[in-house]
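Below: the structure, in structure tokens.
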């Protein structure tokens, strides 16, 4: 199986941001499916200090060819200075599910 498809992670500060990004990405058919995972406890270094906070995680499934468009939309709308945007190739998946992703994403 090729790496024509990927999973993207992006954290959000609140439900409103997560829902807004979800709606925009789905309306533009840039992703086929998007999960909003609540109650994420994030721990990280920010401006030299260990920081923690509550976030939500967006888990998106799309075509690899859409990565730059998804990233562009997220960077345009997301309130963080530089939001987390990490993509991983799907090296194997249910063929019917991936066919559906291919059909849904423009």
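In the working numbering, the protein residues as written are -4 to 101.
Backbone N, C-alpha and C define an ideal beta-carbon position, used for all residues, glycine too.
DSSP three-state assignment for residue 61, whether helix, strand or coil: Helix, per DSSP.
Hey, residue 27 and residue 72 are a contact pair by Cβ (cut 8 Å); roughly how many whole angstroms apart? Actually they do not touch by this definition, with Cβ atoms about 19 Å apart.
Quick check: what's the CA-CA separation for residue 81 versus residue 37? C-alpha separation (whole angstroms): 15 Å.
Looking only at C-alpha atoms, which of 15, 32, 11, 77 sits nearest to residue 51? Among 15, 32, 11, 77, the Cα nearest to that of residue 51 belongs to 32.
Of the listed residues 43, 67, 35, nearest to residue 23 (C-alpha basis): Among 43, 67, 35, the Cα nearest to that of residue 23 is on 67.
In the DSSP assignment, find the alpha helix (DSSP H) that holds residue 13 and state where it starts and stops. 10 to 22 is the extent of the alpha helix (DSSP H) around residue 13.
Are the Cβ atoms of residue 79 and residue 12 separated by less than 8 Å? Not closer than 8 Å, so no.
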